[in-house]
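Chemist:
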């Protein structure tokens, strides 16, 4: 998915209600990576009203109460500034610092002064994807790109009609001019994303087989889904060297299964994939939900019973629920 790849580099995307005929669009940036230049860009092409969507438990941890009279859906919290390292709080540099702090695991309630110039948005992480609004979708996409679940959102204003929000052709022209990929909320909630860079379907002795590429945390992988996986529990998920994916996919084994091809640093890569299997917003988990399998059992194709990498040791088989 071009948008996930762009976000994984810390760059902006556009989130709309629908790609074909958007009625509005929002710039989305990973909060932890926003720079002064990014903040200035977002301010210049919007009303200047920068919000940061956060999971509700993060808002609780930072003591960010909802504003009185907050509308249904994602709730606007009391505005904040960084308590240190800024001047008035309104400049692009000051707001970028405040935003990065909201995404930082080192931040505490004392890290902020109130009121300020950045608006935290409280989102419900437990919402099913079918009920996502723009704030929930933005948090999901940023987390899927491998960053903390904190997303900057601001509504793009029109160039043809600068007193109105950008929509339709105006929004598409803005995206082309600034080379920003567009994600439609309707596509996201219907499971059409992430869209892989490579997608091939073939018939094998094991049934219909789909081969796709995807990027997660800036790392490129191949996966192969073999046979009918929808509604199945404990689907075997084999982690194997990338150069063996096609050979193993063409074997005569009849069971439905998933293969993920890994680069040549097996210890770190195996541990990284297992870690991402436990993260509800990761690209890998999004793919599993799209395939419809209920749970997987990961098998490490190694000669030893355990592997060490990425700062941890794991053993030969690992189970993961794929539904959440």
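In my numbering, the protein residues as written are -7 to 316. Don't be surprised by glycine CBs; every beta carbon is placed ideally from N, CA and C.
#1: How many Å lie between residue 1 and residue 40 at the Cα?
#2: From residue 155 to residue 38, what distance separates their C-alpha atoms?
#3: Considering just the uninterrupted stretch of the beta strand (DSSP E) at residue 147, what are its terminal residues?
#4: Tell me the DSSP secondary structure of residue 247 in three-state form.
#5: Among 168, 85, 115 and 158, which has the Cα closest to the Cα of residue 25?
#6: Spatial neighbours of residue 117 within its chain, please: C-beta separation below 6 Å, excluding the five flanking residues on both sides.
#7: Check residue 224 in the structure and name its three-state DSSP category.
#8: With the cut-off set at 9 Å, would you say residue 120 and residue 69 are in Cβ contact?
#9: Is it right to say residue 255 is buried, meaning 16 or more other beta carbons lie within 10 angstroms of its own, or is it exposed?
#10: For residue 106, report the span of its alpha helix (DSSP H) as first-last.
#11: Can you list, in chain order, the residues of its chain whose CB lies under 8 Å from that of residue 88, leaving out five sequence neighbours each side?
#12: Could you give the first and the last residue of the continuous beta strand (DSSP E) run that contains residue 41?
#13: Express the C-alpha separation of residue 73 and residue 109 in angstroms, rounding to a whole number.
#14: Beta-carbon within less than 7 Å of residue 123's beta-carbon, same chain only, minus the 5 sequence neighbours each way: which residues are those?
#15: Which runs of the beta strand (DSSP E) at least 3 residues long sit entirely within the stretch 63 to 94? Give them in chain order.
#16: Among the candidates 11, 9, 19 and 137, whose CA atom is the shortest distance from the CA of residue 170?
#17: Nearest by alpha-carbon distance to residue -3: which of 227, 135, 290 and 217 is it?
#18: Taking residue 101 as the reference, which of 144, 83, 54 and 43 has the closest Cα?
#19: Quick one: Cα of residue 253 to Cα of residue 103, how far?
#20: Any heavy atom of the ligand COA closer than 8 Å to the CB of residue 172?
#21: Between the Cα of residue 58 and the Cα atoms of 50, 67 and 52, which residue gives the shortest distance?
#22: Is the CB-CB distance between residue -6 and residue 21 below 9 Å?
#23: Taking C-beta to C-beta, are residue 144 and residue 78 nearer than 9 Å?
#24: Give every residue of the same chain whose Cβ lies closer than 7 Å to the Cβ of residue 160, excluding the five residues on either side of it in the sequence, and list them in chain order.
#25: With C-beta atoms as the reference, is residue 237 less than 9 Å away from residue 17?
Modeler: With the structure as the only source:
#1: Here residue 1 refers to the residue found at position 9 when the chain shown is read from its first residue. Here residue 40 refers to the residue found at position 48 when the chain shown is read from its first residue. Using only the alpha carbons, I get a separation of about 24 Å.
#2: As a first step, residue 155 is located in the chain shown; it is residue number 163 there, counting from the start. As a first step, residue 38 is located in the chain shown; it is residue number 46 there, counting from the start. Going by the C-alpha atoms only, they are around 10 Å apart.
#3: Here the question's residue 147 lines up with position 155 in the chain shown. Here the beta strand (DSSP E) through residue 147 covers 143 to 147.
#4: The residue given as residue 247 occupies position 255 in the chain shown. Three-state DSSP puts residue 247 in coil, outside helix and strand.
#5: Position 33 of the chain shown, counted from the first residue, corresponds to residue 25. Minimum Cα distance to residue 25 is reached at 85.
#6: One-based indexing of the chain shown puts residue 117 at position 125. If we look at residue 117 and ignore the five residues flanking it on each side, its Cβ neighbours are 47.
#7: For the purposes of this step, residue 224 is taken as the residue at position 232 of the chain shown. When secondary structure is reduced to three states using DSSP, residue 224 falls in the coil class, being assigned neither helix nor strand.
#8: Locating residue 120 in the chain shown gives position 128, counting from the first residue. Locating residue 69 in the chain shown gives position 77, counting from the first residue. No, the pair does not count as a contact, with Cβ atoms beyond the cut-off.
#9: Residue mapping note: residue 255 aligns to position 263 of the chain shown, counting from 1. Counting Cβ neighbours within 10 Å, residue 255 comes out exposed, since fewer than 16 surround it.
#10: In the chain shown, counting from the first residue as 1, residue 106 sits at position 114. Residue 106 -> not in any alpha helix (DSSP H); beta strand (DSSP E) instead, spanning 104 to 115.
#11: Translated into positions along the chain shown, residue 88 becomes position 96. So the list reads 26, 27, 28, 30 and 31, once near-sequence residues are dropped.
#12: Mapped onto the chain shown, residue 41 falls at position 49. Per DSSP, residue 41 belongs to no beta strand (DSSP E) and is neither H nor E.
#13: Looking up residue 109 in the chain shown gives position 117. Looking up residue 73 in the chain shown gives position 81. Going from the Cα of residue 109 to the Cα of residue 73 covers about 6 Å.
#14: The residue labelled residue 123 in the question sits at position 131 within the chain shown. Hits under 7 Å: none found.
#15: 72 to 74
#16: As a first step, residue 170 must be located in the chain shown, where it is residue number 178. Of 11, 9, 19 and 137, the residue nearest in Cα terms is 19.
#17: Counting from one through the chain shown, the residue named residue -3 turns up at place 5. Among 227, 135, 290 and 217, the Cα nearest to that of residue -3 is on 135.
#18: Taking the chain shown and counting its residues from 1, the one referred to as residue 101 is at position 109. The candidate whose alpha carbon is nearest that of residue 101 is 54.
#19: Start at 1 with the first residue of the chain shown, and residue 253 comes out as number 261. Start at 1 with the first residue of the chain shown, and residue 103 comes out as number 111. Looking at the two C-alpha atoms, the distance is approximately 43 Å.
#20: This structure does not include the ligand COA; it has no bound ligands of any sort.
#21: Position 66 of the chain shown, counted from the start, is the residue given in the question as residue 58. Nearest option by C-alpha distance: 67.
#22: Working through the chain shown from its first residue, we reach residue -6 at position 2. Working through the chain shown from its first residue, we reach residue 21 at position 29. No, the Cβ-Cβ distance between residue -6 and residue 21 is not below 9 Å.
#23: Position 152 of the chain shown holds residue 144. Position 86 of the chain shown holds residue 78. Cβ atoms of residue 144 and residue 78: not closer than 9 Å.
#24: Looking up residue 160 in the chain shown gives position 168. For residue 160, where only same-chain residues beyond five positions count, the Cβ hits under 7 Å are 13 and 14.
#25: Within the chain shown, residue 237 is the residue found at index 245, counting from 1. Within the chain shown, residue 17 is the residue found at index 25, counting from 1. Taking 9 Å as the Cβ cut-off, residue 237 and residue 17 do not qualify as a contacting pair.
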